[in-house]
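Residue numbers for the sequence shown, in mature numbering (1 follows the signal peptide of the UniProt record, and there is no 0): -20 to -1, 1 to 158. Let me begin by presenting the structure, written as structure tokens, before commenting on it.
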Amino acid sequence: MKTALTFCLLLLIALFYTDAQLSEEQKKIYRFHKRVREGALTCQIPGQPPAKKLERLKWSKKLARKAHEQAKRCDFYSDDPNDLIIGKFNSVGQNIAEFPSISGALKGWFKEHKNYDFEKNECRGDCKNYKQMVWNTTKAVGCGVHKCDKNYLVVCNYTPSDSDRRPYEVGSKSQCKE
């Protein structure tokens, strides 16, 4: 019992410490990603089945630094795959959006779930960004934001990445919140 309590306390401290190290923008982006992933686990994404399991998502300063560098260049195009080898991360996916608001970019990526047919693993329009957000093995995310003219360029890097397969294994309806 004492060991479990100690573990829980350390986990809470680690979560608080991670959150405390982020800017307000980064906190909002990180929390949004965590909510989307929680929604995938608990049947909160309309038209999508529940995820059996998703890796716990951590914030990566290295991925965020690389994303911020790209956002500052106002470069809307995805980095060359060779440029996306960041330190120990050799499989990095990237979402990029230009929007009047940061939340608009994040919501735009999330809304792509409407274009994704999970059963057929097909997109009817854009859905790559949504799939990246709920990718089951993604362990780390890091994002950068910069105002370019009238819009914000939001760049998020994820590792590991893979967009050809289904983003997760289907879980049980018993996981669903009422």
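A virtual CB, placed ideally from N, CA and C, is assigned to each residue, including glycine.
Inter-residue distance for CYS54 and VAL121 is about 20 Å (C-alpha atoms, whole angstroms). With fewer than three CB-CB distances shorter than 8 Å, the stretch 84 to 100 does not count as touching the stretch 39 to 52. If you look at PHE12, you'll find it in the alpha helix (DSSP H) that goes 4 to 21.
The C-beta separation of CYS136 from ALA47 comes to about 6 Å, placing the pair in contact by the 8 Å criterion. In the DSSP assignment, ALA44 falls within the unbroken alpha helix (DSSP H) covering 41 to 52. For GLN74, the three-state secondary structure derived from DSSP is strand. Counting along the chain, ASN131 sits inside the beta strand (DSSP E) bounded by residues 131 to 139. Our two residues, GLU149 and LYS94, have alpha carbons roughly 18 Å apart in a direct line. Measuring C-alpha to C-alpha distances from ARG15 to each of LEU37, PRO29, GLN28 identifies LEU37 as the nearest. Going by DSSP, LYS127 is part of no alpha helix (DSSP H) but of the beta strand (DSSP E) stretching over 120 to 128. GLU18 is not a Cβ neighbour of THR117, given a cutoff of 8 Å. PHE98 and ARG145 have their C-alpha atoms spaced approximately 10 Å apart. By the CB criterion at 8 Å, LEU2 and PHE56 fall outside the cutoff.
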